[in-house]
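Asker: Take a look at the following structure, please.
There are 2 protein chains.
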Amino acid sequence: MKRDKIKVLLEEKVEKDVHICAWVRTNRAQAQFGFLNINDGSIVTNLQVVYDHDLENFAEISKFRVGTSVEVFGKVVLTPNMKQPLEVHATKIVMLGDCPEDYPIQPKRHTKEFLREVAHLRPRTNLFNSVFRIRSVAAMGIHSYFQKNGYVYVHTPLITCADCEGSDQMFKITTLDVNNLPYTEEGKIDFSKDLFGKQAWITGSGQLQGETFAMAFSDIYTFGPTFRTENSNTQTHANEFWMIEPEMAFCDLEGLMDIEEEMLKYVINYVLENAPAEIDFCDQFVEKGLKEKLLNIVNAKFVRISHHDVVDLLLNSGKKWEFIPTYEDDIAKEHERFLTEHFNGPVFVTNWPKDIKAWYMKVNPDGKTVAAVDLIVPKAGELMGGSQREENLDVLLERIKELHVDVSNMDWYLDTRRYGGCVHSGFGMGFERLIMYLTGIDNIRDSIPYPRTPKNCEY
Amino acid sequence: MKRDKIKVLLEEKVEKDVHICAWVRTNRAQAQFGFLNINDGSIVTNLQVVYDHDLENFAEISKFRVGTSVEVFGKVVLTPNMKQPLEVHATKIVMLGDCPEDYPIQPKRHTKEFLREVAHLRPRTNLFNSVFRIRSVAAMGIHSYFQKNGYVYVHTPLITCADCEGSDQMFKITTLDVNNLPYTEEGKIDFSKDLFGKQAWITGSGQLQGETFAMAFSDIYTFGPTFRTENSNTQTHANEFWMIEPEMAFCDLEGLMDIEEEMLKYVINYVLENAPAEIDFCDQFVEKGLKEKLLNIVNAKFVRISHHDVVDLLLNSGKKWEFIPTYEDDIAKEHERFLTEHFNGPVFVTNWPKDIKAWYMKVNPDGKTVAAVDLIVPKAGELMGGSQREENLDVLLERIKELHVDVSNMDWYLDTRRYGGCVHSGFGMGFERLIMYLTGIDNIRDSIPYPRTPKNCEY
Numbered sequence: 182m183k184r185d186k187i188k189v190l191l192e193e194k195v196e197k198d199v200h201i202c203a204w205v206r207t208n209r210a211q212a213q214f215g216f217l218n219i220n221d222g223s224i225v226t227n228l229q230v231v232y233d234h235d236l237e238n239f240a241e242i243s244k245f246r247v248g249t250s251v252e253v254f255g256k257v258v259l260t261p262n263m264k265q266p267l268e269v270h271a272t273k274i275v276m277l278g279d280c281p282e283d284y285p286i287q288p289k290r291h292t293k294e295f296l297r298e299v300a301h302l303r304p305r306t307n308l309f310n311s312v313f314r315i316r317s318v319a320a321m322g323i324h325s326y327f328q329k330n331g332y333v334y335v336h337t338p339l340i341t342c343a344d345c346e347g348s349d350q351m352f353k354i355t356t357l358d359v360n361n362l363p364y365t366e367e368g369k370i371d372f373s374k375d376l377f378g379k380q381a382w383i384t385g386s387g388q389l390q391g392e393t394f395a396m397a398f399s400d401i402y403t404f405g406p407t408f409r410t411e412n413s414n415t416q417t418h419a420n421e422f423w424m425i426e427p428e429m430a431f432c433d434l435e436g437l438m439d440i441e442e443e444m445l446k447y448v449i450n451y452v453l454e455n456a457p458a459e460i461d462f463c464d465q466f467v468e469k470g471l472k473e474k475l476l477n478i479v480n481a482k483f484v485r486i487s488h489h490d491v492v493d494l495l496l497n498s499g500k501k502w503e504f505i506p507t508y509e510d511d512i513a514k515e516h517e518r519f520l521t522e523h524f525n526g527p528v529f530v531t532n533w534p535k536d537i538k539a540w541y542m543k544v545n546p547d548g549k550t551v552a553a554v555d556l557i558v559p560k561a562g563e564l565m566g567g568s569q570r571e572e573n574l575d576v577l578l579e580r581i582k583e584l585h586v587d588v589s590n591m592d593w594y595l596d597t598r599r600y601g602g603c604v605h606s607g608f609g610m611g612f613e614r615l616i617m618y619l620t621g622i623d624n625i626r627d628s629i630p631y632p633r634t635p636k637n638c639e640y
Numbered sequence: 182m183k184r185d186k187i188k189v190l191l192e193e194k195v196e197k198d199v200h201i202c203a204w205v206r207t208n209r210a211q212a213q214f215g216f217l218n219i220n221d222g223s224i225v226t227n228l229q230v231v232y233d234h235d236l237e238n239f240a241e242i243s244k245f246r247v248g249t250s251v252e253v254f255g256k257v258v259l260t261p262n263m264k265q266p267l268e269v270h271a272t273k274i275v276m277l278g279d280c281p282e283d284y285p286i287q288p289k290r291h292t293k294e295f296l297r298e299v300a301h302l303r304p305r306t307n308l309f310n311s312v313f314r315i316r317s318v319a320a321m322g323i324h325s326y327f328q329k330n331g332y333v334y335v336h337t338p339l340i341t342c343a344d345c346e347g348s349d350q351m352f353k354i355t356t357l358d359v360n361n362l363p364y365t366e367e368g369k370i371d372f373s374k375d376l377f378g379k380q381a382w383i384t385g386s387g388q389l390q391g392e393t394f395a396m397a398f399s400d401i402y403t404f405g406p407t408f409r410t411e412n413s414n415t416q417t418h419a420n421e422f423w424m425i426e427p428e429m430a431f432c433d434l435e436g437l438m439d440i441e442e443e444m445l446k447y448v449i450n451y452v453l454e455n456a457p458a459e460i461d462f463c464d465q466f467v468e469k470g471l472k473e474k475l476l477n478i479v480n481a482k483f484v485r486i487s488h489h490d491v492v493d494l495l496l497n498s499g500k501k502w503e504f505i506p507t508y509e510d511d512i513a514k515e516h517e518r519f520l521t522e523h524f525n526g527p528v529f530v531t532n533w534p535k536d537i538k539a540w541y542m543k544v545n546p547d548g549k550t551v552a553a554v555d556l557i558v559p560k561a562g563e564l565m566g567g568s569q570r571e572e573n574l575d576v577l578l579e580r581i582k583e584l585h586v587d588v589s590n591m592d593w594y595l596d597t598r599r600y601g602g603c604v605h606s607g608f609g610m611g612f613e614r615l616i617m618y619l620t621g622i623d624n625i626r627d628s629i630p631y632p633r634t635p636k637n638c639e640y
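Order-wise, the sequence lines are chains A and B.
Heads up: the first sequence runs through residues 182 to 640, numbered per the working numbering.
Heads up: the second sequence runs through residues 182 to 640, numbered per the working numbering.
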């Protein structure tokens, strides 16, 4: 028998017989009748079920505790003059699974810290029901944007034996018995005995492999989990998170910014359309003005300004900076805040000093800067980082030498510059950062189902 | 300037001015004019570009080698009486990136073994252009099916410290300096010094975490990479692959099969509609009759039969089996083949002997079997495996004891049975197996961009 979903009933607003399975959120029993508020997770909104003393198990229902799973048969009745648009008058209610008194998720305000301690139960709260549905809808919005524009979704590998990223930032993986390791004659661990015959890591990016696919499909994107070993306990760092990395052939820095801007607006609109109740919830209880903030982004024309001009602007602003801006250095949080306030919207900062950026970025004609771009958004700072890639093999090899990048196993990557290479660009977006932006949640631990952070790997 | 995509031009069939960036697949130059076949990766089909000696760089174009990246300006001309529906008459052609003579991907038939040696270049062949686009489109089909049915996409963690799956099948991960490991007084590695403060692995399944989210959202699915350490060199094993794991509350075994059947048909239709040229290519060059095979699945009513009845059928078939079927054992490949031929379509085999299935599966009233189901499809064997879960805490604890499962850190999982538990079910589908089925590719190494198998972790 098909279940009716509460979300669908609330959208249809049609009086009809229904069959719902859900969990009790509150139960107010009176002498002659009672009200169950139930939620099936299809929408953050609860459904009110009215039960009458005519029901043969009325006494039993009256005692249903919060968290109990129930099956409800009944009829939708529209209630246009009341707070909720409709309710269900029950003809039969069956308990499916009991819930004891000690159930931690009671209908009261819990702190987010407490809810992290019961992360397996927190999706049963309105807050996390909203956050994790928005997460799901945003993920679909991203796929939807790229697929409708003809991008190919590429599953780049996570296990890698190339350590050009700097292996100290990657988790080592092994199948060896760690308490009985094989050693070489030189006293080093003998990784030739390991599954892949050499040392292996879990990678922090699929960009380089993504570039090889962009040289065949023109437009590709990745969307998958990513790992960093950073021993950093902040609100924005996690050791496991999801990332989106699009890569476009025949695309320069200006084209890259067009795509970043279009994609972000598309995803915001997608979430506003497909999770309106959850956005409203976050607007009301997480970040006042959230919806307006998001609509402002959709309607904004993103400013484009070079790092050099940003520094000029900061120096001439008359502000006293904690970190004095220079033409050679990164900009600080206080500068980002000033920029988005000054321009009243998102800002692309382009053409960064090459010494603070990665080896694969396109060196500009000035020889000092690279065609990199960070997108800075109001309230959240950097949301995406990207660049045009250095497509000239000689210049690229020069940079590799300068920066001592180990490309000993990377001939395959350099082949993208040997065989029909072209101007190409890509960017990366941390998915959790986007979720925090879309929900107003201020700690990355609350944007991902089971966060992994230093000393914290439960569930 | 926006590029025109070849796929769009072939669909539109409109005479107009165009600007295309692509790679040369063949170049046939004659005295007065020449033909470039170019591909931009938007569709497996090449576009024919006619260039005339009027072009100022005609001599140069005549020498463009295979693999060169080019920018073409010109006009679409419909050619309804020729093999291809249209061609482009060039007004300007610019070389973007040269390609030397030694380019490995020449316009001839390469073996799949050779192409694995240049896995970074193989998406530039028609075969892998087709396979990896079908992979992308199928992934979108899966997301599309679940999202339109109200499922929540859950990113379950990959890093885990619980080893209830059997830690010998999981990769160990660490941030410790492996050539300078810290030891405890007992001479064991001191994992308290590791990033998470204890030993950690990369998991092979998100099912258990998925179940906790199904108890909040009713219907959820995962779709992400998965890792197995199996030292197995077969055509169907890889150490890194992608998996889909849906989990539905208020859903029994029959409901589970309904969903599996509906989803598979949806995804096949989605691929047939969104990658028709690539399916045609695979039908012609990889598996003759592929399209008919897929259409047969869409139109089939999947048979449902218990393991017990399967064994009866096999024993009474009059066939001589290499492996004699028994009521206690798994069925063999030869039995699967017989079943799909006998029923002329996909077969759900249900209610398996509990001793050969996992601890979390629902024990049937007979006490001997569990409510598990494998979906077996013609030519490929098992495509999905699932079960109703044991929702009764006492029975589950009994099974955990019987099978010596380590649930010392698993109270969170058992809470799904304590707090408003309910009948629920889920299944897993290996994504590469689906891709092999959808393309006719017979080796998993050719279904995933950069395969990881024992002794093989390049790129």
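Here a beta-carbon is modelled for each residue, glycine too, at the ideal position from N, C-alpha and C.
List the whole-angstrom C-beta distance separating Val253 of chain A from Ile201 of chain A, where the pair is believed to meet the contact cut-off of C-beta under 8 Å.
Answerer: 5 Å between Cβ atoms; contact.
Asker: Within the 8 Å Cβ cut-off, does Gln465 of chain A reach chain B?
Answerer: No, its Cβ sits nowhere closer than 8 Å to a Cβ of chain B.
Asker: Once you ignore the five residues that flank Val484 of chain B on each side, which residues in its own chain have a CB closer than 6 Å to its CB?
Answerer: Result list for Val484 of chain B: Phe524, Val528, in chain order.
Asker: Quick one, which residues of the segment 204 to 238 of chain B are near chain A if we go by CB-CB under 7 Å, in chain order?
Answerer: Of all residues in the segment 204 to 238 of chain B, Trp204, Asp221, Gly222, Ser223 have a Cβ within less than 7 Å of some Cβ in chain A.
Asker: So the beta strand (DSSP E) Tyr232 of chain B belongs to, where does it begin and stop?
Answerer: Run containing Tyr232 of chain B: 228 to 233, per the beta strand (DSSP E) assignment.
Asker: Using a 10 Å radius around the Cβ and a threshold of 16 neighbouring Cβ atoms, would you call Gly470 of chain A buried or exposed?
Answerer: Per the 10 Å Cβ criterion, exposed.
Asker: Answer yes or no: does any C-beta atom of chain B fall closer than 8 Å to that of Asn545 of chain A?
Answerer: No, Asn545 of chain A lies away from the interface with chain B (no Cβ there is under 8 Å from its Cβ).
Asker: Below 8 Å between beta carbons is the criterion; list the residues of the segment 412 to 438 of chain A that meet it against any residue of chain B, in chain order.
Answerer: Residues passing the 8 Å Cβ filter: Asn412, Asn420, Glu421, Trp423, Ala430, Phe431.
Asker: Would a check of beta-carbon distances place Phe377 of chain B closer than 8 Å to chain A?
Answerer: So yes, Phe377 of chain B belongs to the interface.
Asker: Could one say the Cβ of Ala456 of chain B lies closer than 8 Å to chain A's Cβ atoms, at least one of them?
Answerer: No, because no Cβ of chain A sits closer than 8 Å to the Cβ of Ala456 of chain B.
Asker: Scan the segment 267 to 279 of chain B for residues whose Cβ lies nearer than 7 Å to a Cβ of chain A and list them as they occur along the chain.
Answerer: Of all residues in the segment 267 to 279 of chain B, Leu277, Gly278 have a Cβ within less than 7 Å of some Cβ in chain A.
Asker: Check this for me: beta carbons of Ala419 of chain A and Pro632 of chain A, under 8 Å apart or not?
Answerer: For Ala419 of chain A and Pro632 of chain A, yes; Cβs fall inside 8 Å.
Asker: Just to confirm before moving on: does the CB-CB distance between Ile622 of chain B and Phe422 of chain B stay below 8 Å?
Answerer: For Ile622 of chain B and Phe422 of chain B, no; Cβs fall outside 8 Å.
Asker: Taking the straight line between their C-alpha atoms, what separation do you get for Thr597 of chain B and Glu571 of chain B?
Answerer: Cα to Cα, Thr597 of chain B sits roughly 11 Å from Glu571 of chain B.
Asker: Assign Glu454 of chain A to buried or exposed, taking buried as 16 or more other Cβ atoms, counted over all protein chains shown, within 10 Å of its Cβ.
Answerer: The residue in question, Glu454 of chain A, is exposed, as its Cβ has fewer than 16 Cβ neighbours within 10 Å.
Asker: Which of the three DSSP states, helix, strand or coil, is assigned to Glu421 of chain B?
Answerer: Strand at Glu421 of chain B.
Asker: Assuming Ser223 of chain A and Gly602 of chain B form a contact by the criterion Cβ under 8 Å, report the distance between their Cβ atoms to the nearest whole angstrom.
Answerer: Ser223 of chain A to Gly602 of chain B, Cβ: 19 Å. No contact.
Asker: Considering only residues of the segment 498 to 570 of chain B, which uninterrupted alpha helix (DSSP H) runs meet the minimum length of 4 residues and lie entirely inside it, listed in chain order?
Answerer: With a minimum length of 4 residues, the continuous alpha helix (DSSP H) runs that stay inside the segment 498 to 570 of chain B are 514 to 524.
Asker: Below 7 Å, is the gap between the Cβ of Ser386 of chain A and the nearest heavy atom of the ligand ZN?
Answerer: As presented, the structure is devoid of all ligands, the ligand ZN included, so that no description of it is given.
Asker: Terminal residues of the continuous beta strand (DSSP E) containing Val275 of chain A?
Answerer: Residues 267 to 278.
Asker: Taking only the alpha-carbon atoms, compute the straight-line gap between Asn307 of chain A and Lys535 of chain B and give it to the nearest angstrom.
Answerer: Near 39 Å, if we compare the C-alpha coordinates of Lys535 of chain B and Asn307 of chain A.
Asker: Which residue's Cα is closest to the Cα of Val127 of chain A: A:Asn218, A:Glu442, A:Gln390?
Answerer: An answer regarding residue 127 of chain A cannot be provided, because it is not within the stretch 182 to 640 covered by chain A.
Asker: If you count every other CB in all the chains shown that lies within 10 Å of the CB of Lys516 of chain B, and 16 or more means buried, which is it?
Answerer: According to the sequence displayed, residue 516 of chain B carries His and not Lys. Looking at its Cβ environment, which holds 16 or more other Cβ atoms inside 10 Å, His516 of chain B is buried.
Asker: Does the distance from the CB of Ile425 of chain B to the CB of Phe404 of chain B come in under 8 Å?
Answerer: Yes, Cβ-Cβ distance for Ile425 of chain B and Phe404 of chain B is below 8 Å.
Asker: Examine chain A for any beta-carbon lying closer than 8 Å to the beta-carbon of Asn450 of chain B, and answer yes or no.
Answerer: False, the Cβ-Cβ gap to chain A never drops below 8 Å.
Asker: Which bits of chain A does Lys137 of chain B rub up against, with CB to CB less than 7 Å?
Answerer: The shown model of chain B, from 182 to 640, leaves out residue 137 of chain B, and the question about it has no answer.
Asker: Look at Ile242 of chain A and Ile219 of chain A and say whether their C-beta atoms are less than 8 Å apart.
Answerer: Result no, Cβ atoms of Ile242 of chain A and Ile219 of chain A do not sit closer than 8 Å.
Asker: Count the other CB atoms within 10 Å of the CB of Ile315 of chain B; is the residue buried (16 or more) or exposed (fewer)?
Answerer: The residue is buried, with at least 16 neighbouring Cβ atoms inside 10 Å.
Asker: Kindly indicate if chain B contains any beta-carbon less than 8 Å away from that of Ile460 of chain A.
Answerer: False, the Cβ-Cβ gap to chain B never drops below 8 Å.
Asker: Strictly below 9 Å CB to CB, what residues from chain B border Phe641 of chain A?
Answerer: In the structure as shown, chain A starts at 182 and stops at 640, and residue 641 of chain A therefore has no counterpart that could be examined.
Asker: At a cut of 8 Å, does the segment 351 to 366 of chain B reach the segment 354 to 372 of chain A through at least three beta carbon pairs?
Answerer: Output reads yes: the segment 354 to 372 of chain A touches the segment 351 to 366 of chain B.
Asker: Excluding the five sequence neighbours on either side, which residues of its own chain have a C-beta within less than 8 Å of the C-beta of Pro363 of chain A, listed in chain order?
Answerer: Leu357, Ile370, Asp371, Lys374.
Asker: Can a CB atom of chain A be found closer than 8 Å to the CB of Tyr600 of chain B?
Answerer: So yes, Tyr600 of chain B belongs to the interface.
Asker: Between Ala320 of chain B and chain A, is there a C-beta pair that is closer than 8 Å?
Answerer: With 8 Å as the cut-off, Ala320 of chain B counts as an interface residue toward chain A.
Asker: Does Pro527 of chain B get closer than 8 Å to chain A when you measure Cβ to Cβ?
Answerer: No, its Cβ sits nowhere closer than 8 Å to a Cβ of chain A.
Asker: Grab the span of the beta strand (DSSP E) containing Asp198 of chain B for me, first residue to last.
Answerer: That run of the beta strand (DSSP E) goes 198 to 210.
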